[in-house]
Amino acid sequence: MNSDQLLMQLKSRRIVVKFGSGILAHPSGFGLDEVQFEQLTYAMSGLRSAGHEVIVVSSGAVAAGGMAFGMVKRPEDTATLQACAAVGQTRLMQRYETLFSRHGLLVAQLLLTNEDLQQPTRRENLTNTLERLLSFKNVIPIINENDSVATEELKVGDNDRLSAGVARLAGADLLLLLTSVDGLLDEAGQLIPEVTALAEVMNHIRPEKGVHSTGGMASKLGSAAEAVAAGVEVVIANGRKPGQLAELVEGRGIGTRLRPAARLGLA
Ligand code: GLU
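If you want it as structure tokens, here you go:
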């Protein structure tokens, strides 16, 4: 191993990146934003080339399915959302496969429920699969909730909790929660660059929530708290500015950062 390779290995981090529906769906309607997909996959490939291990948690299945059905807005009943997700998931993966292949990367699909993260045998199976996939170096695991059998994230969350659970299970160094705003905003709409006391900030955030997403900032903060408590650094940042993702990984860029020590504020 030469000195460059050694340096790369030392700096290499395991990163879970969550793409919310709000950054994958087209701002003007109910469908996928092709430009966003290109930019986000380009950014992920850059992180992979820099030596980082990347796990993507992606929403967007409902939006993709809705577009396939010709719907112009998000359905309200759960069964239709599930049907959209079932149709949209294949379209979502087709896009990821095409776009990541341009960067010489394969994709792996993992559809999970909360039980898969809780039940010991399933947890172990999942951990083994993820570790093996990451060991191949040219695979990006792409995780979504298995919406046809679980509806937690369809109702509330937009994969916020799922991504925190995956980050914890995978022993990630960093969880990037990408959303459609710059991070946590205070009551005056100002960005909170770093959270040191979670309990304190919980009462002072603006409840941002987009038309495509079911998460909102309270959900993100709750999920961030879970990850931080497990020793994972969390950054909430704007997924519509994918050019800054490498900076965010290096501890710079615009976003709200929660270092693992922030869990002290929960006491
Ligand atoms: N798993 C869902 C998706 O991929 C969650 C997002 C939603 O409820 O729209 O689309």
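Read left to right, the sequence shown gives residues 567 to 833 (our numbering).
Every residue, glycine too, gets a C-beta built ideally from N, C-alpha and C.
According to the neighbour-count rule (16 or more other Cβ atoms, all chains shown, within 10 Å of its Cβ), is Ser785 buried or exposed? buried
Can you tell me which of Ser624, Ile589, Leu647 puts its alpha carbon nearest to the alpha carbon of Phe635? Leu647
Closest Cα partner of Val582 within the set Lys639, Arg727, Leu764, Gly788: Arg727
Alpha carbon to alpha carbon, how far is Pro686 from Pro641? 35 Å
Helix, strand or coil: which one does DSSP assign to Gln675? strand
Cβ separation of Glu799 and Asp713, assumed to be a contact under 8 Å, to the nearest whole Å: Between Asp713 and Glu799 the Cβ distance is about 28 Å, and since that is not below 8 Å, they are no contact.
Please look up how many angstroms separate the CB atoms of Leu590 and Gln602, rounded, as I've assumed it's under 8 Å. 6 Å
Got a sec? Which residues, its chain only, sit under 8 Å from Met659 by beta carbon, not counting five neighbours each side? Val673, Gln675, Ile708
For a minimum of 4 consecutive residues, which ranges assigned as the alpha helix (DSSP H) are wholly contained in the region 785–822? 811–815
Which residues mark the beginning and the end of the alpha helix (DSSP H) in which Pro593 is found? No alpha helix (DSSP H) holds Pro593; DSSP gives it neither H nor E.
Which residue's Cα is closest to the Cα of Gly737: Gly755, Glu690, Tyr608? Glu690
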